[in-house]
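Undergrad: Heads up: the protein sequence lines correspond to chains A and B, in order.
If you count the first sequence from 1, position 13 lands on 13 in the UniProt record's numbering, and the numbers rise without skipping.
If you count the second sequence from 1, position 216 lands on 216 in the UniProt record's numbering, and the numbers rise without skipping.
Glycine included, C-beta positions come from ideal geometry on N, C-alpha and C.
All values derive from a computational prediction rather than experimental measurement.
Here it is, the structure in full.
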Amino acid sequence: MTRAEPLVLGIETSCDETGVGIVRGRTLLTNTVATSMDEHVRFGGVVPEVASRAHVQSIGPMIEKALADAGVTLDDLDALAVTAGPGLSGALMVGAAAAKGLAASTGLPLYGINHLAAHVAVDLVAPDSPGLHTPTIALLVSGGHTEILRIGDIVDDIELLGATIDDAAGEAFDKTARLLGLDYPGGPSISRAAAGLLDESGVPGDPTAVRFPRGLSTKKDLRDPERRFSFSFSGLKTAALRTVTAAEAAVSAQPTGTSAAGEASVSGTSGAISSGTAGASTAGSVGALRLADIAASFEEAVVDVLVRKTLLACADTGIDHVLLGGGVAANARLRERLAERCEAVGVTLRVPPLDLCTDNGAMVAALGAEIAARGSAASGLGFGVLSSLEVDDVLV
Amino acid sequence: MIVVAIDTSAAASVALVDGERLIADRTEFAARRHVEFVGPALAEVLAEGRAEGLVPDAVVVGIGPGPFTGLRAGIAAGIGAALGIGVPVHGVVSHDALALRALADTAATGAATTVTIATDARRREVYATTYSGLDDAGLPVPASGPAALFPADLAECRPARRVGRGFALYRDVLGDPEDEDPNALDPTAAWLARLAHRALSSGRALRGTEPLYLREPDAKPSARRETLLS
C-alpha cells in the first residue's frame, strides 16, 4: 500500500508494557499504555509469565481505548503493526496473536516490525520533533537493552555497532538496587539514593567515592572492533556486591561509631575507595561509605561508559547527531552527562519525550506507517515472534 | 448462531459453525507454533464463512487449562478477531469441548454419562475435569475440576469413561483412553464452537477470556535485602 499519510495502529508487548498507539503518517494521535510494573516489584524484576498474564488481560481494552482516544474506528485504518521482536517471547506472542486476529478479521495489512528500530522511529511522530534526523547514532538503554546503533535510514540502513554482552544497563540498576535494599525499578531508586534523598540528609553522594570498573573500556578493549562499542555490566555488579559487603562489614565492626582512617577501605581490583569521603554520616563516622556514595558511584560508572562509547561511535562514523531512547533515558545523570559531552564536541543530542522513550505502541505505529508509506509488502499472517530479532531485520 | 472458535490449549484449532453444522475447520494436532498457525487459519476459516455469506455472531476462545504460552496465543487472537468483526468474545473451558464430543450421542448409544477428561499438564501432571452428563440445553455439566493432578491421584478416582490425551500419556497408571482419534484426545475448536452456539442460543452466559491457569507463576518473590549502610 502506498499512501502519503497512512493511518496505522501499532501494538507493543515485548516486555511489561501493553502499548497501543495510533498515528496518521507522521502525526501521533494516541499513545495508550498499560503497565504491569507494579506486579513485578515483589520479584525485583520483570517476570515473563507475570508480564504475559497482564498482556492478555490488557490487550483488548487497550486497543479499544486507543481507538476511542484517537477518535477513529478500525474501518478507518490503513494498516496494523506489531512488535515481532526482540523481547520476551511469551509476551511478544500476545501482541502478535492479537494483531493477527485483528488483521485476519479486517483484512488490513499487518507489519511485524523490530522493537529497536521502533525506539528510533518514534521521533518521526514525537510532537516536539521536526522529524527523525538521519544519519544518527542511537543509544538505546532499558531494562532489556543496551545498544549503540548507526541509523542511515530507519527502514533500509540500520547497523548494530555494539550491545551489552551480559546484563542490560537497566538490569544492572535493578540488581544493584536490590543489593542496596532499594525498590524496583532500580534506576529511579539508585538516582534518589545518589541524590541523598533516601537518608534524609539531602546531601548528594560522592560519585568518585568508589572507583567502580568501566566494562570493556580498557585501551585493549577499545582497540578491538568487537568490543569497542560493546558493554558489560556484570563486573560492575560484582564489584558493587564486594563494595557493599565490605562497607557493611566495616559498619558492623565499629559499633561505637568511632572510625580510624581507612576503616571502610576495601581492597580488590574493582572497589578501591578513595579516602576522605565527603559528607559525614549520621553515625558520626568520618570516612565511612554512605549508601548515597555507592549509589552515586555506581550510577556514574554506568553513565560514564554509556556516554563514552556513544561519543566514540560519533567520532568513528563522523555522525554528529545522537538519539537517546529506552527507559533509562529517564536517568537525569545520563541525560546531563550525554548533553554535556555532546555539546563539547559539537554533536546534537535528541531525547524524545519520556513517554515515547519507554516501550509504547506509538513507536510501533510510527515505524509501521513509515514502512507502509514506502509501499513495502506486509508481513502476512504466518510470521513468528523472535526473542532475539536482529536490528537490521526492521520488517519480518 | 454463527460462531468462530479458537482453541490452542493443546492442539491449535480454529473453526466456524452455523448452529451445529461445521462450516470450516483448521486443526493442527501436536502443534508447536501456535502464533504462526493462528493468523492464516483464522483468515481462511473466516473467508470460507464469507463465501457462504456467514458472518460470526460471536467469537469464543478456549481458556484452557493448557500450557500457558500457546493458550494465550489463541485467546489473544480471539480478542483481536472479535474487535475486528465487531462482536463479543467469550471464554469456554477447553475440557468442555472434549466432554461435549464424548457426551453428544449418549442418548442414542446408552453410554455412561459420567466422563472424565484428562489432558497434558506437563510436569508429570494432568489437567482433569469430570462431567456428570448434559443439561437440558445440551451443555456438559462439570462435577469436579478442572484441576492439575498427579496421574496416581486421578487413578484413585477410578474414572468411568476416560477421554483425552492425559490417559494416552499415562496409560500404565490411568488406563487407555476410550477413543484414540486425535479429535477425542485434544480439545478442538469445532466442538468449542458448537458448545458456545448451544449456550448462547439458550441464553446462557459464558465466561470471560481470562485463562484458566490453575498454577501460579514459578517466580518466587525476592526477599527484600536490608543493608547496614545509611
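For T69 of chain B, decide whether its Cβ has a neighbour in chain A, counting only Cβ atoms nearer than 8 angstroms.
TA: yes
Undergrad: I'd like to know if P221 of chain B contacts chain A, where contact means its C-beta is closer than 8 angstroms to some C-beta of that chain.
TA: yes
Undergrad: If the criterion is Cβ atoms closer than 8 angstroms, does the pair A5 of chain B and A196 of chain B meet it?
TA: yes
Undergrad: Within the 8 angstroms Cβ cut-off, does M93 of chain A reach chain B?
TA: yes
Undergrad: When Cβ atoms are compared, which residues of the stretch 31-63 of chain B fall closer than 7 angstroms to chain A?
TA: Against chain A - using a Cβ distance shorter than 7 angstroms - the residues of the stretch 31-63 of chain B are R33, V35, E36, V38, G39, P40, L42, A43, L46.
Undergrad: For P56 of chain B, which residues in the same chain have their Cβ closer than 8 angstroms to its Cβ, ignoring the five residues on either side in sequence?
TA: The answer, listed in chain order, is I2, V3, V4, L16, L46, G49, I85, V87.
Undergrad: With 8 angstroms set as the bound, which would you pick, yes or no: does the beta-carbon of F233 of chain A sit closer than that to a beta-carbon of chain B?
TA: no
Undergrad: Out of curiosity, what's the CA-to-CA distance linking G62 of chain B and G90 of chain A?
TA: 18 angstroms
Undergrad: CB-CB under 8 angstroms to D135 of chain B, same chain, minus the five flanking residues each way: which ones, in chain order?
TA: V141
Undergrad: Quick one: Cα of D224 of chain A to Cα of A163 of chain A, how far?
TA: 14 angstroms
Undergrad: Assuming V50 of chain A contacts E39 of chain A (C-beta within less than 8 angstroms), just tell me the rounded distance between them.
TA: 5 angstroms
Undergrad: Can the beta-carbon of V120 of chain A be found closer than 8 angstroms to that of G318 of chain A?
TA: no
Undergrad: Could you pull out every residue in the same chain whose Cβ sits closer than 6 angstroms to the Cβ of S297 of chain A, ignoring the five residues on either side in sequence?
TA: Cβ contact annotation for S297 of chain A (same chain, cutoff 6 angstroms, sequence separation greater than five): P207, A209, V210, F212, in chain order.
Undergrad: With a cut-off of 8 angstroms on the beta carbons, I'd call A366 of chain A and V23 of chain A a contact; round off their distance for me.
TA: 5 angstroms
Undergrad: Distance, Cα to Cα, A247 of chain A vs L179 of chain A?
TA: 12 angstroms
Undergrad: Tell me whether D174 of chain A is buried or exposed, calling it buried when 16 or more other Cβ atoms sit within 10 Å of its Cβ.
TA: The residue in question, D174 of chain A, is buried, as its Cβ has 16 or more Cβ neighbours within 10 Å.
Undergrad: For I79 of chain B, would you say it is in contact with chain A, using Cβ-to-Cβ distances shorter than 8 angstroms as the test?
TA: yes
Undergrad: Suppose you measure from the CA of R228 of chain A to the CA of V394 of chain A; what does that come to, to the nearest Å?
TA: Cα to Cα, the separation comes out at about 24 angstroms.
Undergrad: Which residue from B:L174, B:P187, B:A168 puts its Cα closest to that of E156 of chain B?
TA: B:L174
Undergrad: Can you check the stretch 150-213 of chain B for any beta strand (DSSP E) of at least 3 residues that lies completely inside it and give the ranges in chain order?
TA: none
Undergrad: Could you tell me whether the Cβ atoms of G78 of chain B and V89 of chain B are closer together than 8 angstroms?
TA: Going by C-beta atoms, G78 of chain B is nearer than 8 angstroms to V89 of chain B.
Undergrad: Starting from residue 233 of chain B, trace the beta strand (DSSP E) both ways and give me its first and last residue.
TA: Residue 233 of chain B lies beyond the residue range present for chain B, which begins at 1 and ends at 230; the question has no answer from this structure.
Undergrad: Per DSSP, what are the beta-bridge partners of H90 of chain B in this structure?
TA: Answer by DSSP bridge pairing, in chain order: B:V60.
Undergrad: Evaluate the contact criterion for the stretch 205-218 of chain B versus the stretch 30-42 of chain B: three or more CB pairs, one atom per stretch, below 8 angstroms.
TA: Three or more beta-carbon pairs separated by less than 8 angstroms are not found between the stretch 205-218 of chain B and the stretch 30-42 of chain B, which leaves the two stretches without contact.
Undergrad: Name the residue from A:D359, A:V307, A:T245, A:L356 whose alpha carbon lies nearest to the alpha carbon of L334 of chain A.
TA: A:V307
Undergrad: Along the chain, where does the beta strand (DSSP E) containing A15 of chain B start, and where does it finish?
TA: 12-18
Undergrad: How many Å lie between P135 of chain A and S129 of chain A at the Cα?
TA: When only Cα atoms are considered, P135 of chain A and S129 of chain A end up about 15 angstroms apart.
Undergrad: Taking C-alpha atoms, which residue in B:D7, B:E20, B:T114 lies nearest to A30 of chain B?
TA: B:D7
Undergrad: Pairing CB atoms from the stretch 30-49 of chain A with CB atoms from the stretch 329-344 of chain A, are three or more of them under 8 angstroms?
TA: no
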